[in-house]
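**Q** I have a structure here, written as structure tokens, and I will follow up with some questions on it.
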């Protein structure tokens, strides 16, 4: 197959990489577009993201969880290791509908931790293997190529990369569930009124799409590896 795959200049499977990049770029644009849009809408109560998070956590019996401000934009996260809820600069002091939605989403993760939500536990259990996979997969594949298409090394590398895809798939229900919890809490009041809840839904839906995009992009990379090295075994 001259002109294709590893033996030529053209690689038709590279279109999968391009598709993945386009999907990821669109998802990133979409979440930033929606956050900026609703970051300009001040909540009727004028509650900040940090205040909203404290209210939600306290009502859930999670007074022990600390809320910290971290640098960056949309770098919000919940750390189950040290039981801290970290809100970014764009969320912590902001009184926007978007900021409250993001803060509530992170509280959703804290509540998942409180209730031992199974997908969250599964994701945590996968972390060591995923770290190995993300660090070792491509070096093993490259080593296999350098050593004259050593298919054992290449296959191990592909399987390790598959762990990354698995981790991202397991992440989806964790993120979707946290968003559902956030919307349910906010819909019950008093932090937002009935006109503001749909705005939060849109922000969190856009954020969820970034995780879907990550799965698709990584899965396409995995498919490309399988196609390339599967063809070269023949």
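Residue numbers (the working numbering): 187 to 420. Glycine included, every Cβ here is placed at the ideal spot set by N, Cα and C.
Please state whether DSSP places residue 288 in a helix, a strand or coil.
**A** If you number the chain shown from 1, residue 288 lands on position 102. DSSP, reduced to helix, strand and coil, places residue 288 within a helical segment of the structure shown.
**Q** Can at least three beta-carbon pairs, one atom from the segment 359-374 and one from the segment 409-417, be found at a separation below 8 Å?
**A** no
**Q** Using only alpha-carbon positions, find the residue among 323, 333, 336, 288 that is nearest to residue 217.
**A** As a first step, residue 217 must be located in the chain shown, where it is residue number 31. Checked all of 323, 333, 336, 288; the closest Cα to residue 217 is 288.
**Q** Taking the beta strand (DSSP E) that residue 223 belongs to, which residues open and close that run?
**A** Residue 223 sits at position 37 when you count from the first residue of the chain shown. That residue, residue 223, is in no beta strand (DSSP E); its alpha helix (DSSP H) goes 200-225.
**Q** Closer than 8 Å is the cut-off here; do at least three beta carbon pairs connect the segment 341-361 with the segment 271-279?
**A** Contact between the segment 341-361 and the segment 271-279 is absent, with fewer than three C-beta pairs closer than 8 Å.
**Q** Could you tell me which of 351, 314, 238, 265 sits nearest to residue 300, measuring between CA atoms?
**A** Working through the chain shown from its first residue, we reach residue 300 at position 114. Selected option, being the one with the closest Cα: 265.
**Q** With residue 254 and residue 270 assumed to form a contact (beta carbons below 8 Å), what rounded beta-carbon distance in angstroms separates them?
**A** Indexing the chain shown from 1 puts residue 254 at position 68. Indexing the chain shown from 1 puts residue 270 at position 84. Indeed, because the Cβ distance is near 5 Å, the residues count as touching under 8 Å.
**Q** Which residue's Cα is closest to the Cα of residue 358: 377, 210, 305, 367?
**A** For the purposes of this step, residue 358 is taken as residue 172 along the chain shown, with counting starting at 1. Comparing Cα positions, the closest option is 305.
**Q** Contact defined as beta carbons within less than 8 Å: I believe residue 326 pairs with residue 339. What is the distance between those atoms, to the nearest angstrom?
**A** Sequence index remark: in the chain shown, residue 326 carries index 140 (1-based). Sequence index remark: in the chain shown, residue 339 carries index 153 (1-based). Going by Cβ atoms, the distance from residue 326 to residue 339 rounds to 5 Å, so yes, they are a contact pair.
**Q** Judging by CA-CA distance, which residue of 332, 215, 248 is the nearest neighbour of residue 293?
**A** Taking the chain shown and counting its residues from 1, the one referred to as residue 293 is at position 107. For residue 293, the nearest C-alpha among the options comes from 248.
**Q** Taking the C-alpha atoms as reference points, what is the distance between residue 261 and residue 393?
**A** Translated into the one-based positions of the chain shown, residue 261 becomes position 75. Translated into the one-based positions of the chain shown, residue 393 becomes position 207. Near 12 Å, if we compare the C-alpha coordinates of residue 393 and residue 261.
**Q** Starting from residue 253 and walking both ways along the beta strand (DSSP E), at which residues does that stretch end?
**A** As a working mapping, residue 253 is identified with position 67 in the chain shown. Where residue 253 is concerned, the enclosing beta strand (DSSP E) stretches over 252-256.
**Q** Inspect the CB distances between the segment 201-210 and the segment 365-376 and report whether three or more fall short of 8 Å.
**A** Here the segment 201-210 makes no contact with the segment 365-376; the two share fewer than three CB pairs at distances below 8 Å.
**Q** Thinking C-beta only, is residue 224 closer than 7 Å to residue 351?
**A** One-based indexing of the chain shown puts residue 351 at position 165. One-based indexing of the chain shown puts residue 224 at position 38. The answer is no: Cβ separation not under 7 Å.
**Q** Report yes if the CB atom of residue 213 is closer than 7 Å to the CB atom of residue 395, and no otherwise.
**A** The residue you call residue 213 lines up with position 27 of the chain shown. The residue you call residue 395 lines up with position 209 of the chain shown. Going by C-beta atoms, residue 213 is nearer than 7 Å to residue 395.
**Q** Relative to the C-alpha of residue 281, which residue among 334, 245, 314, 237 is closest?
**A** One-based indexing of the chain shown puts residue 281 at position 95. Scanning 334, 245, 314, 237 for the CA closest to the CA of residue 281 turns up 237.
**Q** Residue 220 to residue 385, Cα distance in whole Å?
**A** By one-based count along the chain shown, residue 220 stands at place 34. By one-based count along the chain shown, residue 385 stands at place 199. Going by the C-alpha atoms only, they are around 9 Å apart.
**Q** Could you tell me the distance, in whole angstroms, from the CA atom of residue 308 to the CA atom of residue 356?
**A** On the chain shown, position 122 is the one that residue 308 refers to. On the chain shown, position 170 is the one that residue 356 refers to. Each residue's Cα considered, the two are about 7 Å apart.
**Q** Comparing alpha-carbon positions, which option in 322, 198, 242 lies nearest residue 291?
**A** Within the chain shown, the letter at position 105 stands for residue 291. Answer by Cα proximity: 242.
**Q** In this structure, does DSSP put residue 294 in helix, strand or coil?
**A** On the chain shown, residue 294 is found 108 positions in, with the first residue counted as 1. Residue 294 falls in the helix class under three-state DSSP.
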